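Counted from 1, the sequence shown has number 101 at position 13 by this note's numbering; the numbering is strictly sequential. All C-beta atoms in this analysis are idealised placements derived from N, C-alpha and C, irrespective of residue type, glycine included. These figures come from a predicted structure and were not determined experimentally. A quick write-up on the structure given underneath.
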Amino acid sequence: MRLALAAGLTALILAGCGRGDGPAGPDPALVVPQQPLDIPARLDLPQPTPGAANRADPDPAEVALRRRSAGTALQPPF
């Protein structure tokens, strides 16, 4: 019984060490840095609007598509 339990636990632990077959991270061509933040003239917060677009990045997918189709490589932010 102990041997079976030890073998089962060992198998579970070693199964977690697998690398997997998928990619290791996001596609670097589709990673877009966010727009810089700015301090507004008034510091009171606007009322939240459910389903509204992001005010800082209205359409990040469009920015990624323009940068990718323009042939310019995205530079890492560091």
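Three-way DSSP call (helix, strand, coil) for residue i in this model
i, result
"Gly139", "coil"
"Leu102", "helix"
"Pro148", "helix"
"Leu153", "helix"
"Leu170", "The requested residue 170 does not occur in the structure, where the chain is confined to residues 89 to 166."
"Arg90", "helix"
"Leu97", "helix"
"Pro116", "helix"
Length of the line joining the Cα atoms of residue i and residue j
i, j, result
"Thr137", "Ala99", "50 Å"
"Val119", "Val151", "10 Å"
"Arg143", "Gly113", "27 Å"
"Pro128", "Leu102", "53 Å"
"Ala117", "Pro148", "13 Å"
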